[in-house]
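Whatever position you read off the sequence shown (first residue = 1), add 192 for the numbering used here. Working notes for the structure below.
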Amino acid sequence: MGFLDILLGRSKPVAPDLDRLFGLPSAAVTLEATAGFTPTGTGAVCFASVEGAAFAEAHQEAQALLDADAERSGPPVEVSRDEYGYSWLVSRRTPDDLPALVSDLHAVNSALEGTGFGPQLLCSVAAFQDGRQRHLGLVYLYKRGTFYPFAPLAGTGERRDNALELQIKAVLANDLRVEEDLGRWFPIWGAPGL
193 MGFLDILLGR
203 SKPVAPDLDR
213 LFGLPSAAVT
223 LEATAGFTPT
233 GTGAVCFASV
243 EGAAFAEAHQ
253 EAQALLDADA
263 ERSGPPVEVS
273 RDEYGYSWLV
283 SRRTPDDLPA
293 LVSDLHAVNS
303 ALEGTGFGPQ
313 LLCSVAAFQD
323 GRQRHLGLVY
333 LYKRGTFYPF
343 APLAGTGERR
353 DNALELQIKA
363 VLANDLRVEE
373 DLGRWFPIWG
383 APGL
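Below, the structure is given as structure tokens:
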């Protein structure tokens, strides 16, 4: 950081730490014990698509990496695009195999980052559900290195359960680095598994 950055109040952006994703399994134990939410086995990586052969090749390599897993349960890795134009690489595992799902998310992020497409990575999400069929996503913001809960309300259009999100924030404060700036808790409408 230079002198001019200090004068203008600019700060150095937080470097992404993909290894923080490996905190999700222990956070899931806390989440189940305190709030009754369990993993659904669905996770996804969201990224802004870029045109060009290099990005297409990096994207195919990331997908092939996950498709090659012989122990995968359910359908192969899926690629979807949401109504906002973002791409999602979706992995499905059995609900009790969250560590393998987290490894999938880490591998996709690492593969895209390693080929120079880190700036296109937006977030990763692991889906959870409780006994009342409420959905919850634990979202990892790639560029911030932090997590936040996202709880869409079922059947109400694009509305979210803010009280539940704040409750989950308090529950997971010791397990994950939770994003303190609530303005960065972006809604991920249409995210796979939610």
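By construction, the Cβ of each residue, glycine as well, lies at the ideal position given by its N, Cα and C atoms.
Starting from residue i, follow the beta strand (DSSP E) in both directions and report where the run begins and ends.
i      : result
Gly233 : Thr230 to Ala240
Thr307 : Thr307 -> no beta strand (DSSP E), and no H or E assigned at all.
Pro344 : Neither: Pro344 is in no beta strand (DSSP E) and is coded neither H nor E.
Arg273 : Glu270 to Arg273
Gln321 : Leu313 to Gln321
Does the beta-carbon distance from residue i to residue j come in below 8 Å?
i      : j      : result
Gly215 : Ala319 : no
Val294 : Pro217 : yes
Glu249 : Ala303 : no
Gly233 : Thr307 : no
Leu297 : Leu213 : yes
Leu386 : Asn301 : no
Going along the chain, which residues of its own chain have a beta-carbon closer than 7 Å to the beta-carbon of residue i, five neighbours each way excluded?
i      : result
Ala240 : Tyr278, Gln312 and Leu314
Val370 : Thr338, Phe339, Tyr340, Lys361 and Leu364
Gly323 : Gly228
Glu224 : Thr230
Glu275 : Gly382
Ala262 : Caution applies to Ala262, whose pLDDT of 45 falls short of 50 and renders its modelled position unreliable; the value that the coordinates give is listed next. Excluding sequence neighbours, Ala262 sits near nothing in its chain.
For residue i, does the three-state DSSP call read helix, strand or coil?
i      : result
Arg284 : strand
Glu350 : coil
Arg369 : coil
Asp329 : Reading off the sequence, residue 329 comes out as Gly, not Asp. The answer is strand: DSSP assigns Gly329 an E or B state.
Gly382 : coil
Within its chain, find whatever has a CB closer than 8 Å to the CB of residue i; leave out the 5 residues flanking it on each side and keep chain order.
i      : result
Arg352 : Phe342, Ala343, Pro344, Leu345 and Pro379
Glu357 : Tyr340, Pro341, Phe342, Ala343 and Trp377
Arg273 : Ser241, Ser279 and Trp280
Excluding the 5 residues preceding and the 5 following residue i in the sequence, name in chain order all residues of the same chain whose CB lies nearer than 6 Å to its CB.
i      : result
Ala219 : Leu364, Asp367 and Leu368
Leu290 : Pro217, Ala220 and Pro231
Val282 : Ala236, Glu270 and Pro384
Val317 : Ala236, Gly329, Val331 and Ala383
Cys238 : Tyr278, Trp280, Leu314 and Cys315
Thr226 : Val363
Alpha helix (DSSP H) containing residue i: first to last residue?
i      : result
Leu223 : Leu216 to Ala227
Kindly examine the ligand SAH and report whether one of its heavy atoms sits closer than 7 Å to the Cβ of residue i.
i      : result
Leu364 : The ligand SAH is not part of this structure, which contains no ligands at all.
The segment 375-386 in contact with the segment 323-338 per 3-pair CB rule at 8 Å
yes
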